[in-house]
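All remarks here apply to the structure that follows.
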Amino acid sequence: MSNSANSLGNDPAPRLDRAAIAKRAARDLIDGSTVNLGIGIPALCADFLPDGVELLYHAENGILGFKELSAPGEGDPNLMDAGGKFPKLVPGMAFFDSVESFALIRGGHIDVTVLGALQVSRNGDLSNWMIPKRGIGSIGGAMDLAANAKKVIIAMEHNVKGNLAKIVNECTFPLTARTCVNEIITDIAAIEIDQENDRMILRETAPGWSFDDVQARTEARLTIDGDVGQMA
Amino acid sequence: MRTKIQQSVSDTNVKDRTIWLAVPINKISNSFAQAVADIPSGASIMIGGFGGAGGQPTRLMLALRDLGVGDLTIIGNVAGISKTTGYGWPDHLDPIDQGMFFESGQATKITCSFPVPGTTNPLSDIEKAWREGKAEVDIVPQGTLIERIRAAGAGIPAFYTPTGVGTPVAEGKEHRDFDGRTFLLEEALTADFALIRAQKADTRGNLQYIGTSRAFNPAMATAAAITIVEVDEIVEPGGIDPERIGTLSTYVDRIVLRETGDPLP
């Protein structure tokens, strides 16, 4: 199916940019949640929180309650986030070591993590740490977060270059965790994974995109349950 | 590995180990070179911090590189990505990371969670050594890695974790179900030496950390046979609020003071 996707014509409408993907993913972050944002598109979610939503951000290097970054050149190396950036010191912030940081994750105390992905399978398996061709990759905190956060949201581009599908029947890349993904936000669709009923439900499409347009760029079979909305 | 403990006995000029344990000892080394001087080829070495400049024992790492011993096994976390990506370093400085031991050819193995950045342009020192067949890279989930280190220091030989089940890291490991969920058995991880970083030490070796610089430092201090700490300040006992002691003196064997105004973070 990914090969047939490869031979598709032009996209029916523009795809969302990275910021718009993050903005849509941010809409599903609930006020008061403890949240861990992965690097890349997920980290951008912090810039697009809906009004009135406050989150408690966790970073696996041992920090809880950070907000905005320091101005360029003013960062303190002893006040870092897991992406290697330097947040500002703000009231209520807490520091701790990696033992506690991963007890927090493994113990199921992280409400939501937003991560990037190389592949997601129909039943919510996630691959996001190694491209087999390269033969070496970095796991970092991804396996702990994917396996143990209460909710896993994937924010990513829907396809790789050439329209190859990243949402597949079975992941062919090394796995990060099995049946862990709850929803996927991409540049053309918002998809819910209903693990109990073994379904991938298309909830929204980008403006100008139809169910068929999205399905043609997705290897795994999508279903509809109720209205399909428009991503905004 | 326990034999390494005997090496520190010579540092104290006390021949009998029983006596050594009973008398106050001077843990302060005069230089970074002196602090690492007895690290032999073939040693396993934990390097603390998270991966950026903060909490990294950078001066101890440079001293170990200058010592030149080889066949080292490094145990780190985010291990060698700063030099090529700037990860965790202020913009105006050239980043230093654990890749230095692979660039120098001293390390033949690394156990860590994050050995390579997303990009291969330019190639990091660890990936280069791995591609050339000069180094083995053992990639461990970060939470499993830190818990293996914690377990070693806490006398726990192994533990069950849900992380990694159904993935390549579970291959060959014992699985067991608890309350309907599958876990896998991971073993404690120790080392001959731990090089760690703290903000402040008292002369007994109690340590205080600052900000996010804790990361892997406190657990590594408990897990290695010999723990060497690099600090910005040494104070008399009482100079650290007992409520703020992050690592107990019991775990610390050697302390080295950085120079005031050291340009490296």
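Residue numbers (this note's numbering), protein chains in the order written: chain A, 10 to 241; chain B, 49 to 313. Even for Gly, the Cβ is constructed at its ideal location relative to N, Cα and C.
{"Query": "Can you name, in chain order, every residue of its own chain whose Cβ lies under 8 Å from the Cβ of A:N70, other than the five neighbours on each side?", "Result": "M89, D90, A91, S107, S110"}
{"Query": "Quick check: the Cα distance between B:V283 and B:V304, rounded to an integer number of angstroms?", "Result": "12 Å"}
{"Query": "Suppose you measure from the CA of B:I174 to the CA of B:A183; what does that come to, to the nearest Å?", "Result": "8 Å"}
{"Query": "So, is A:L17 buried or exposed, given that buried needs 16 or more other C-beta atoms within 10 angstroms?", "Result": "exposed"}
{"Query": "According to DSSP, is A:M139 helix, strand or coil?", "Result": "coil"}
{"Query": "DSSP state of B:M94, grouped into three classes?", "Result": "strand"}
{"Query": "Let me check understanding here. Comparing Cα to Cα, which of B:H223, B:L110, B:A127, B:W137 lies closest to B:G212?", "Result": "B:H223"}
{"Query": "Go ahead and pull the three-state DSSP assignment for A:I39.", "Result": "coil"}
{"Query": "Return the chain-ordered list of same chain residues with a C-beta closer than 7 Å to the C-beta of A:L53, the five sequence neighbours on each side being excluded.", "Result": "R27, A28, A31"}
{"Query": "Answer yes or no: do B:I95 and B:M109 have a C-beta to C-beta separation smaller than 9 Å?", "Result": "yes"}
{"Query": "Is there at least one Cβ from chain B nearer than 9 Å to A:R33's Cβ?", "Result": "no"}
{"Query": "Could you list the residues in the segment 98-127 of chain A with a C-beta less than 7 Å from some C-beta on chain B, going in chain order?", "Result": "F104, F105, D106, S107, V108, F111, I114, R115"}
{"Query": "With 9 Å as the threshold, decide whether the Cβ of B:L305 is near any Cβ in chain A.", "Result": "no"}
{"Query": "Name, please, each residue of chain A whose Cβ falls closer than 7 Å to the Cβ of B:A263.", "Result": "N70, G71, D106, S107"}
{"Query": "Taking DSSP's pairing of strands, which residues face B:G160 in a bridge?", "Result": "For the sequence presented, residue 160 of chain B should be read as Cys rather than Gly. According to DSSP, B:C160 bridges with B:I187."}
{"Query": "Report yes or no: is there a C-beta of chain B within less than 9 Å of the C-beta of A:S219?", "Result": "no"}
{"Query": "Could you run through the segment 188-202 of chain B and flag, in chain order, every residue whose CB is less than 9 Å away from some CB of chain D?", "Result": "You won't find chain D in this structure, because its protein chains are A and B."}
{"Query": "Among B:G253, B:T192, B:G228, B:R262, which one has its Cα closest to the Cα of B:L237?", "Result": "B:T192"}
{"Query": "I'd like to know if A:T185 contacts chain B, where contact means its C-beta is closer than 9 Å to some C-beta of that chain.", "Result": "yes"}
{"Query": "Can you list the residues of chain A that B:D240 reaches, using a CB-CB cut of under 9 Å?", "Result": "Chain A residues near B:D240: none, gap ~21 Å exceeds 9 Å."}
{"Query": "For B:Y135, which three-state DSSP category applies?", "Result": "coil"}
{"Query": "From A:N157 to A:I114, what does the alpha carbon distance come to, in whole angstroms?", "Result": "6 Å"}
{"Query": "Given that A:N157 touches chain B, what residues does it touch there, using C-beta distances under 9 Å?", "Result": "G191, P210, T211"}
{"Query": "Starting from the C-beta of B:V71, find all residues in its chain whose C-beta is less than 6 Å away, skip the five residues before and the five after it, and write them out in chain order.", "Result": "Residue confidence is low: B:V71 scores 44 on pLDDT, short of 50, so the model does not pin down where it sits. Its coordinate-derived value is still stated next. Hits under 6 Å: none found."}
{"Query": "Rounded to the nearest angstrom, how far is the Cβ of B:G259 from that of A:D85, given a contact under 8 Å?", "Result": "7 Å"}
{"Query": "Using 8 Å as the Cβ pair cut-off and three pairs as the minimum, do the segment 152-169 of chain B and the segment 217-232 of chain B touch?", "Result": "no"}
{"Query": "Using 8 Å as the threshold, is the segment 120-137 of chain B in touch with the segment 146-153 of chain B, meaning 3 or more CB pairs across them?", "Result": "yes"}
{"Query": "Going by C-alpha to C-alpha distance, which of B:P210, B:G286, B:D289 sits closest to B:G228?", "Result": "B:P210"}
{"Query": "Output the boundary residues of the beta strand (DSSP E) element that contains B:V117.", "Result": "Segment: none, B:V117 is in no beta strand (DSSP E) and carries neither H nor E."}
{"Query": "What ranges does the beta strand (DSSP E) occupy inside the segment 181-250 of chain B, keeping only unbroken runs of at least 3 residues that lie completely in it?", "Result": "184-187, 206-209, 223-226, 229-235, 239-250"}
{"Query": "List the residues of chain B whose Cβ lies closer than 8 Å to the Cβ of A:G146, in chain order.", "Result": "V164, I187"}
{"Query": "Exposed or buried, what is A:H167 when buried is set at 16 or more other beta-carbons lying within 10 Å of its beta-carbon?", "Result": "buried"}
{"Query": "What residues match up with B:P105 in a beta bridge as DSSP calls it?", "Result": "None; B:P105 has no bridge partner."}
{"Query": "Per the contact definition of three or more C-beta pairs closer than 8 Å, is the segment 239-259 of chain B in contact with the segment 101-115 of chain B?", "Result": "yes"}
{"Query": "Buried or exposed: where does A:K170 fall if 16 or more other Cβ atoms within 10 Å of its Cβ makes it buried?", "Result": "exposed"}
{"Query": "Exposed or buried, which one is A:A241 when buried takes at least 16 other CB atoms within 10 Å?", "Result": "exposed"}
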